[in-house]
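FYI, UniProt numbering numbers position 131 of the sequence shown as 131, with every residue one higher than the one before it. The beta-carbon is built from N, C-alpha and C at its ideal position, and this holds for glycine as well.
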Amino acid sequence: MITTRSLIRRATAVAAAASAAVVLAACGADGDDRGGAAHNGLDAASPSASAPAQQGDHNGADVAFAQGMIPHHRQAVDMADLAATRAESAEVKKLAEEIKKAQDPEIKTLSGWLTAWGEQVPAGGSGPAGHEGHDMSGMMTAEEMKQLHSASGKAFDTAFLTMMVKHHEGAVTMAKTEQADGTHQGAEDMAGQIITSQSAEIARMKALLGQS
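This is the structure:
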């Protein structure tokens, strides 16, 4: 009787242990599957989560801003270059140098963005009639650039200030459009800087022209 009971107890214990092992194995497998799926899900989700951010960090307005502002800035720099030898006013020469110092680096930055975005960087122009984008806001015509090239002394100062006021006003308009429609943070920040700095320069130039 004792032997029989012992055998039954042992068999029951073995069966219980086997059942527990099966349950634990199943739980472990389920846990691993869930953990693996979760881990794999994160790995798989990471690229898809970051892709929209990478693709959406700029839009058509940002491209238009960069492609438009590059030739706009180039023309301003060319106009400012003339002041060193043609301007009479020390204030005009100082202003022209400040314009070059501000806009040259912006041209490089804008060109870098377009290259990174896989967009075309506008070709450079040279000379009075060598500028692209004359239909953009505030751009000087070829005739106006020829006029500026041929002027000197007080006549140059007046022509330069008058034209640069118009030029700056165009840049401010373009920058406001970027702020309204763009999505690239760097471009929006640059637009804000352009609005602030060039609005101040417009007031300064108008004062030199006696318009304030």
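- If only complete runs of 4 or more residues are kept, the UniProt domain "DUF305" (62-209) shows the alpha helix (DSSP H) at 90-117, 142-150, 153-181, 185-208, in order along the chain.
- When Cβ pairs closer than 8 angstroms are counted between the two stretches, the region 64-77 is seen to touch the region 103-115, the count reaching three or more.
- Taking the C-beta atoms as reference points, Gln-198 is found nearer than 8 angstroms to His-168.
- In this structure, Thr-162 is the residue among Ala-83, Ala-61, Thr-162, Arg-74 with its C-alpha nearest to the C-alpha of Ala-203.
- The beta carbon of Ala-87 is closer than 6 angstroms to those of Lys-93, Phe-156, Asp-157 in its chain, skipping five residues each way along the sequence.
- The beta carbon of Ile-194 is closer than 6 angstroms to those of Ala-171, Ala-175 in its chain, skipping five residues each way along the sequence.
- Rounded to the nearest whole angstrom, the C-alpha separation of Gln-75 and Ser-150 is 16 angstroms.
- Between Ala-83 and Phe-160, the gap from beta carbon to beta carbon is short of 8 angstroms.
- Sequence-distant partners of Glu-106 (beyond 5 residues in either direction) whose C-beta falls short of 7 angstroms from its own C-beta, in its chain, are His-73, Met-190.
- Under a 10 Å Cβ-count criterion, Ala-200 is classified as exposed, with fewer than 16 other Cβ atoms of the shown protein chains found around its own Cβ.
- When rounded, the separation of the alpha-carbon atoms in Leu-209 and Glu-98 is 18 angstroms.
- Within the model, the alpha-carbon separation for Leu-114 versus Thr-173 is close to 21 angstroms.
- Counting C-beta atoms within 10 angstroms of its own C-beta, Ala-96 has 16 or more neighbours from the protein chains shown and is therefore classed as buried.
- By the neighbour-count criterion, in which a residue is buried when 16 or more other Cβ atoms sit within 10 angstroms of its Cβ, Lys-154 is exposed.
- Pairing Asp-181 with Ala-61 gives a Cβ-Cβ distance under 8 angstroms.
- In the same chain as Lys-100, and ignoring 5 residues on each side of it, the C-beta atoms closer than 6 angstroms to its own belong to Val-77, Ala-80, in chain order.
- The beta-carbon distance between Asp-104 and His-184, rounded to whole angstroms, is 21 angstroms. This is too long to meet the 8 angstroms contact definition.
- Of the residues assessed, Glu-178 falls on the buried side of the cut-off, its CB having 16 or more other CB atoms within 10 angstroms.
- Of the candidates Thr-196, Ile-70, Glu-144, the residue whose Cα lies closest to the Cα of Gln-120 is Ile-70.
- The residue among Ala-207, Pro-122, Thr-85 with its C-alpha nearest the C-alpha of Val-165 is Ala-207.
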